[in-house]
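Note that my numbering has the sequence shown beginning at 576, numbered continuously upward.
For every residue, glycine included, the Cβ atom is placed at its ideal position computed from N, Cα and C.
A quick note: this is a predicted structure, and the numbers were derived from the prediction, not measured.
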Amino acid sequence: MRSILVLNAKGGCGKTTLATNLAAYYAHRKKAVTLVDFDPQQSSMDWLEARPESRPYIHGVSAADGPARIPRDSDVVVMDAPAASHSHALTTLVRRAETLIMPVLPSPIDIRAAHRFTEELMHIGKVMRKQVRLAAIINRARENSPSRYLLEEYLHTVKLPDGRRLPMVAVLRSSQNYIRAAERGVGLSEMGPVSVAHDLELWRPLLRWLNSKRSVPAS
Ligand SMILES: Nc1ncnc2c1ncn2[C@@H]1O[C@H](COP(=O)(O)OP(=O)(O)O)[C@@H](O)[C@H]1O
Ligand SMILES: [Mg+2]
């Protein structure tokens with residue numbers, strides 16, 4: 576069972592957008608997908624409710640204030656973390672995953688928040704023992720924006736506990752396609768191929784990372 580947690584203590588950075596699009600991507604590839612929503616706002620569950628029955632099935636689990644019962648026959652579990660996950664709650668969430676994806680927005684406030692959050696993440700035992708793999712994503716990037724370069728520069732300085740650089744596996748642009756997909760309960764990979772071609776291209780390095788051993792801890 577593949578387990579992917581999308582997390583960042585900062586709200587609005589794209590956790591739900593990434594989680595729902597990943598769930599749709601794997602479902603589209605005929606995987607048995609469970610989407611677990613740990614956020615009390617339940618945006619991933621709202622998305623799932625809007626999902627047309629004609630689309631590949633995704634099993635939803637609302638886990639904001641109860642145990643997350645994950646069907647044993649799931650191939651992929653995608654988890655959407657709440658904002659403001661810290662200390663014990665964060666450690667408990669991280670315990671559930673083998674792969675962590677952290678979206679960050681290119682803004683000075685988000686960079687500072689990401690700095691505090693990565694510091695905290697790097698001190699979690701499971702991360703220190705390399706029992707989980709972590710990568711960052713720049714979300715809502717705008718070409719030639721100074722903040723984007725600041726964020727890239729910052730991410731280049733982040734070191735994993737073993738001294739390696741934190742992988743930065745995608746730069747996604749700001750696009751109305753994400754808003755449309757969110758409304759309709761679908762993922763980008765399920766939309767008109769011409770309108771989403773550019774965005775899907777930007778997803779490729781992330782999917783390549785996820786489909787490689789680099790995103791899975793050595794057992
Ligand atoms: N790449 C993007 N382009 C356009 N809108 C985006 C993008 N990523 C996220 N959004 C929008 O930004 C808002 C916050 O994103 P969301 O995924 O809900 O963040 P989080 O779950 O981290 O709070 C949502 O309205 C979402 O549709
Ligand atoms: Mg969310």
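Review point. In its own chain, which residues sit with a C-beta less than 6 angstroms from the C-beta of ARG723, not counting the 5 before and 5 after it?
Key: The answer, listed in chain order, is PRO681 and ALA716.
**Study point:** Beta-carbon gap between VAL608 and VAL651 smaller than 7 angstroms
**Key:** Taking C-beta atoms as the reference points, VAL608 and VAL651 count as a pair closer than 7 angstroms.
Exercise for review: Check whether the Cβ of ASP612 lies closer than 6 angstroms to any heavy atom of ligand 2, and answer yes or no.
Suggested key: Ligand 2 never approaches ASP612 closely enough for any of its heavy atoms to be under 6 angstroms from the residue's Cβ.
Practice item. Over the uninterrupted beta strand (DSSP E) stretch that includes ILE645, give me the two end residues. Key: Annotation for ILE645: no beta strand (DSSP E) segment contains it, and DSSP assigns it neither H nor E.
Review point. How long is the line joining the alpha carbons of VAL769 and ALA598, rounded to whole angstroms?
Key: If you take the alpha carbons of VAL769 and ALA598, they lie about 21 angstroms apart.
Check your understanding: Is the region 614-621 in contact with the region 583-601, if contact means three or more CB pairs nearer than 8 angstroms?
Key -> A contact is defined here as three or more CB-CB pairs under 8 angstroms, and the region 614-621 meets this definition with respect to the region 583-601.
Practice item. Could you check the C-alpha separation between VAL791 and MET703 for me, to the nearest Å? Key: If I take the Cα positions, the gap works out to 15 angstroms.
**Study point:** Own chain partners of ASP685 with C-beta closer than 7 angstroms, once the 5 adjacent residues on each side are dropped
**Key:** Counting only residues of its own chain and dropping the five nearest sequence neighbours on each side, ASP685 has a CB closer than 7 angstroms to the CB of LYS585, CYS588 and VAL679.
Review point. Taking C-beta to C-beta, are MET677 and ASN583 nearer than 7 angstroms?
Key: MET677 is a Cβ neighbour of ASN583, given a cutoff of 7 angstroms.
Point to revise | N- and C-terminal bounds of the alpha helix (DSSP H) containing MET697 | key: Counting along the chain, the alpha helix (DSSP H) containing MET697 begins and ends at 683-697.
Check your understanding: Quick one: what's got a C-beta closer than 8 angstroms to ILE712's C-beta in the same chain, skipping five residues either side?
Key -> Taken in chain order, the residues that qualify are GLY589, LEU593, ILE676, MET677, PRO678, VAL679, MET743, VAL744, ALA745, VAL746, LEU747 and LEU781.
Exercise for review: Just grab the DSSP bridge partners of SER720 for me.
Suggested key: SER720 is not bridged to any residue.
Exercise for review: Taking SER618 as part of the alpha helix (DSSP H), name the residues at either end of that continuous run.
Suggested key: Residues 618-625.
Practice item. Return the Cβ separation of LEU730 and ASN596 in integer angstroms, given the expectation that the two are a contact with Cβ distance under 8 angstroms. Key: About 21 angstroms; that fails the 8 angstroms criterion.
Practice item. Determine the extent of the alpha helix (DSSP H) in which VAL769 is found, giving its start and end residues. Key: Per DSSP, the unbroken alpha helix (DSSP H) holding VAL769 starts and ends at 768-785.
Exercise for review: For my contact list, ILE579 and ALA672 are in at a C-beta cut-off of 8 angstroms; report their separation, rounded to the angstrom.
Suggested key: About 6 angstroms separates the Cβ atoms of ILE579 and ALA672, confirming a contact at the 8 angstroms cut-off.
Point to revise | Under the three-state DSSP convention, the category LYS734 falls into | key: The three-state secondary structure of LYS734, taken from DSSP, is strand.
Check your understanding: At what residues does the alpha helix (DSSP H) containing LEU668 begin and finish?
Key -> LEU668 -> alpha helix (DSSP H) spans 662-670.
Point to revise | Backbone secondary structure at ARG604 - three-state DSSP | key: Three-state result, ARG604: coil.
**Study point:** Endpoints, the alpha helix (DSSP H) within which ARG755 is located
**Key:** Taken as a continuous stretch (DSSP letters only), the alpha helix (DSSP H) holding ARG755 covers 751-759.
Exercise for review: Counting only the same chain and skipping the five closest in sequence on each side, list residues whose C-beta sits under 6 angstroms from that of LYS606.
Suggested key: Result list for LYS606: ASP650 and VAL651, in chain order.
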